[in-house]
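K.L.:
Sharing a structure, written as structure tokens. Questions coming.
Number of protein chains: 2
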Amino acid sequence: MATVVFSGGVGGSRFLSGLCRVMDQKDITVISNIGDDTEFYGLYVCPDIDIVLYTLAGRINPKTGWGLEGDTFQVLDALKKLGHPCWFNLGDQDLATHLHRTMRLKEGWPLSKVTAELARLNGLELTVLPSTDQRVETRFDTPMGDMPFQEYMVKHRWQVDIEKIRFVGAETASPAPGVLEALESAERIILAPSNPYISIGAILAVPGIREALERAKCPVIAVSPIVGGKAIKGPAARLLEQFGQPVSPVGVARVYQGLVSHMVIDNADRELAGQLEAMGIVCGVTDTMMDSFPRKEALARFVLEQK
Amino acid sequence: MATVVFSGGVGGSRFLSGLCRVMDQKDITVISNIGDDTEFYGLYVCPDIDIVLYTLAGRINPKTGWGLEGDTFQVLDALKKLGHPCWFNLGDQDLATHLHRTMRLKEGWPLSKVTAELARLNGLELTVLPSTDQRVETRFDTPMGDMPFQEYMVKHRWQVDIEKIRFVGAETASPAPGVLEALESAERIILAPSNPYISIGAILAVPGIREALERAKCPVIAVSPIVGGKAIKGPAARLLEQFGQPVSPVGVARVYQGLVSHMVIDNADRELAGQLEAMGIVCGVTDTMMDSFPRKEALARFVLEQK
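Just so you know, the sequences run in chain order A and B. Numbering-wise, my numbering puts 240 at position 240 of the first sequence, and it's gapless, one number per residue. If you want my numbering, it's the 1-based position in the second sequence plus 1000.
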């Protein structure tokens, strides 16, 4: 069954690693957030795409959820000595990916083609698509002024108030080849437990993608990234609060209003199922924690059962 | 005494490391060959400049004469797995230099300014100038067709016949800022024991540099890279033979005809001193092997005594 998954980085990739174990990889199309993409040392870095590729290839550093297991930091150490700011941890093997991608982009390849090549080189059979081949950059208005994504996320560890999220370049972007086709022929669309504002939000900011979700006739299933009033990882809870939403699956559902037909929430939030049903959303309740392969598989199976 | 040294890579840097121990670094200006410069993985690599910087900073790998001591090859190994040809050994710390240089060039810095910065970052006090800030590329006509420098030198280990050496871009290049000024105010000019055709030849190919040597009033002293009918390193002997010159200091002197007033040759070639004197060249005979610091220092002192 053709399944499309909207994904950010760590949460999305964990969900996908379960999904790949319970269905044929070839039937999965991932639409990846590229709003976090940035240049470091002249190299084009796609953090969310790489987290997905590395995770599914079994190469991810399981302690951090990003970067490669056993990677070294020789280049970064040397760059530090040359006076470069090094708050973004790029390992040596990871740098090879960025060198490769940057070379391809310079040769004129669109990002979608480079991403397909990297998926193949990582031995993967699913389709990984960037939301767009154009540059759409997530930036924040903060009390400290305009701030790019990685500075907010990694340098300041998201301990900064957000006044506004902007997706710079989105107005003139168009979905990458295959994105709309995948959405139109999908038998289900899953919004992975990623940040609804930033990760999924940046995908939805590309004109045509939100509209495709709105008119989708298949189930559109969001897995809540909020469990028991907290985000599993990252700033989702803080952002919901700042934008005046409850820090709960109900807040997430409000961000996704008009887009999702189904929601999968954690047992801890069982009492919210009624509120979600009242919003017209079919609600599935299960264990959504993904700290082991059996739990990841069970969650993926549960999501696939939503009809 | 203001001293200018024309230098290629390994031989030139070894000579310079002796020179730096017997005179004030601040009085030395190196004019470096950039004909070997090339791009690997989208990064701009200056092999001869880097060998000079790394050697004088005491960071060079003493076993190879290039690359950094104790460097690792994590990035290269990962690039290999991504399908890239990896016949040019770029270490991880070395890559940081190339990333840094490439960033600076993209920011619009001329190569001379980046080189000065890298010299400072390596703790050096001498002046290192590229022959030119423009791109001048050494290429070869061979029976296998047109061949770029590093392919000839590293991939084929110079076991290829050379029909013609070309310095592509030289016609429209001009000396880097400081080159002509250094030559005009020099109290001596030294052609280091580097390849006369390739390393020194590529410097002389930049319009204005050969002319500045021709009209120099100070001693212009070439240290022969040929000893006892052999090149210490690299293809100098093979090239002299192919271009119909004797494989000896006399062959080197013919390549430098009209440019040098002095030559320093090895004790092994003592009997050629007369021939050189007959060519109007003042000839100094000494031990020119540079396999230890005392020998390097002694050679440097001997060269400084040539009047």
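C-beta: ideal position from N, C-alpha, C; glycine also. In this text, all values refer to a predicted model and were calculated from it rather than measured experimentally.
Starting from GLU1137(B), trace the beta strand (DSSP E) in both directions and tell me its first and last residue.
P.N.:
Element bounds for GLU1137(B): 1137-1142.
K.L.:
Measure from the C-beta of ALA1096(B) to each C-beta in chain A and report whether the shortest distance is under 8 Å.
P.N.:
Chain A, which has a Cβ nearer than 8 Å to the Cβ of ALA1096(B), makes this yes.
K.L.:
DSSP puts ALA222(A) in a beta bridge; with which residues?
P.N.:
Paired residue(s): LEU191(A) and MET263(A).
K.L.:
Which of helix, strand or coil does DSSP assign to GLU7(A)?
P.N.:
Here residue 7(A) is Ser; the residue named in the question, Glu, does not match the sequence. Three-state result, SER7(A): strand.
K.L.:
For GLY1178(B), which residues from the same chain have a beta carbon less than 6 Å from its beta carbon, with the 5 sequence-adjacent residues on both sides left out?
P.N.:
These residues qualify, in order along the chain: LEU1129.
K.L.:
Select from ARG1120(B), ASP1050(B), PRO1062(B) and VAL1030(B) the residue whose C-alpha is nearest the C-alpha of SER1292(B).
P.N.:
Minimum Cα distance to SER1292(B) is reached at PRO1062(B).
K.L.:
What residues from chain A crowd round VAL1154(B), counting only those whose CB sits closer than 8 Å?
P.N.:
Neighbours of VAL1154(B) on chain A: none; closest Cβ ~19 Å, over 8 Å.
K.L.:
Quick check on the DSSP output: the alpha helix (DSSP H) that includes THR102(A) runs from which residue to which?
P.N.:
92-106 is the extent of the alpha helix (DSSP H) around THR102(A).
K.L.:
Anyone know if the C-beta pair for LEU1099(B) and TYR41(A) falls short of 8 Å?
P.N.:
Yes.
K.L.:
Quick check on SER248(A): does DSSP put it in helix, strand or coil?
P.N.:
DSSP places SER248(A) in coil when its eight states are reduced to three.
K.L.:
Spell out the partners DSSP gives PHE302(A) in its beta bridges.
P.N.:
DSSP output for PHE302(A) lists no bridge partner at all.
K.L.:
Would TRP66(A) be called buried (16 or more neighbouring beta carbons within 10 Å of its own) or exposed?
P.N.:
TRP66(A) should be labelled buried.
K.L.:
Mind pulling the chain D residues with CB within less than 8 Å of GLN93(A)?
P.N.:
Of the chains in the structure shown, none is chain D; the protein chains are A and B.
K.L.:
What residues of chain B sit near LEU42(A), judged by a beta carbon separation below 7 Å?
P.N.:
Strictly speaking, residue 42(A) in this sequence is Gly, with Leu absent from that position. Chain B residues near GLY42(A): LEU1099, THR1102, MET1103 and LYS1106.
K.L.:
Judging by CA-CA distance, which residue of GLN1025(B), GLU1069(B) and MET1103(B) is the nearest neighbour of ASN1089(B)?
P.N.:
Measuring from the Cα of ASN1089(B), the nearest candidate turns out to be GLU1069(B).
K.L.:
Check each candidate in ARG1188(B), VAL1168(B) and PRO1235(B) and name the one with the smallest Cα separation from ALA1202(B).
P.N.:
Considering only alpha carbons, the answer is VAL1168(B).
K.L.:
Who are the near neighbours of ARG1295(B) in its chain, counting only those whose CB is closer than 7 Å to its CB and skipping five residues on each side?
P.N.:
Around ARG1295(B): ASP1287 and MET1289.
K.L.:
State yes or no: is the beta carbon of LEU121(A) nearer than 8 Å to at least one beta carbon in chain B?
P.N.:
With 8 Å as the cut-off, LEU121(A) counts as an interface residue toward chain B.
K.L.:
Could you have a look at ILE1051(B) and say whether DSSP puts it in helix, strand or coil?
P.N.:
It is helical.
K.L.:
Anyone know if the C-beta pair for ALA1273(B) and VAL1260(B) falls short of 8 Å?
P.N.:
In this structure, VAL1260(B) does not lie closer than 8 Å to ALA1273(B) by Cβ.
K.L.:
For GLU171(A), which option in LEU204(A), MET144(A) and LYS155(A) has the closest C-alpha, if you only look at C-alpha atoms?
P.N.:
Comparing Cα-Cα distances from GLU171(A) to each of LEU204(A), MET144(A) and LYS155(A), the minimum goes to LEU204(A).
K.L.:
Quick one: give me the first and last residue of the beta strand (DSSP E) that LEU43(A) is part of.
P.N.:
Taken as a continuous stretch (DSSP letters only), the beta strand (DSSP E) holding LEU43(A) covers 43-45.
K.L.:
Could one say the Cβ of LEU213(A) lies closer than 8 Å to chain B's Cβ atoms, at least one of them?
P.N.:
It does not: the Cβ of LEU213(A) has no partner Cβ on chain B nearer than 8 Å.
K.L.:
Measure the C-alpha to C-alpha separation of GLY208(A) and HIS262(A) and round it to an integer number of angstroms.
P.N.:
When rounded, the distance between both Cα atoms is 21 Å.
K.L.:
Determine, using beta carbons only, whether ASP92(A) and ALA1096(B) come nearer to each other than 8 Å.
P.N.:
No. Outside cutoff.
K.L.:
Would you call ASN1267(B) buried or exposed, if buried means 16 or more other Cβ atoms sit within 10 Å of its Cβ?
P.N.:
Exposed is the call here.
K.L.:
For LEU124(A), which residues in the same chain have their Cβ closer than 8 Å to its Cβ, ignoring the five residues on either side in sequence?
P.N.:
Closer than 8 Å at Cβ, skipping near neighbours: GLN25, LEU53, LEU56 and ALA57.
K.L.:
Tell me the DSSP bridge mates of CYS283(A)?
P.N.:
Partner(s): MET263(A).
K.L.:
Which residues in chain B sit within 7 Å of LEU259(A), going by Cβ to Cβ distance?
P.N.:
The premise fails here: LEU259(A) is roughly 37 Å from chain B at the closest Cβ pair, so nothing lies under 7 Å.
K.L.:
What residues are listed by DSSP as bridge partners for ILE1060(B)?
P.N.:
According to DSSP, ILE1060(B) bridges with LEU1068(B).
K.L.:
Can you list, in chain order, the residues of its chain with a C-beta nearer than 7 Å to that of MET1144(B)? Leave out the 5 residues immediately preceding and following it.
P.N.:
Around MET1144(B): VAL1160.
K.L.:
Measure the Cβ-Cβ separation of GLU1137(B) and GLY1035(B) and say whether it is below 8 Å.
P.N.:
Going by C-beta atoms, GLU1137(B) is nearer than 8 Å to GLY1035(B).
K.L.:
Going by the CB atoms, is the gap between PRO1246(B) and GLY1011(B) shorter than 8 Å?
P.N.:
Going by C-beta atoms, GLY1011(B) is not nearer than 8 Å to PRO1246(B).
K.L.:
Are the beta-carbon atoms belonging to ALA1176(B) and SER1112(B) less than 8 Å from one another?
P.N.:
Yes, they are a contact pair.
K.L.:
Please confirm if LEU949(B) has its CB atom under 8 Å from at least one CB of chain A.
P.N.:
A question about residue 949(B) goes unanswered here, because the residues of chain B that appear run from 1001 up to 1307.
K.L.:
By the three-class DSSP mapping on this structure, what secondary structure does PRO1196(B) have?
P.N.:
In this structure, PRO1196(B) counts as coil in the three-state DSSP scheme.
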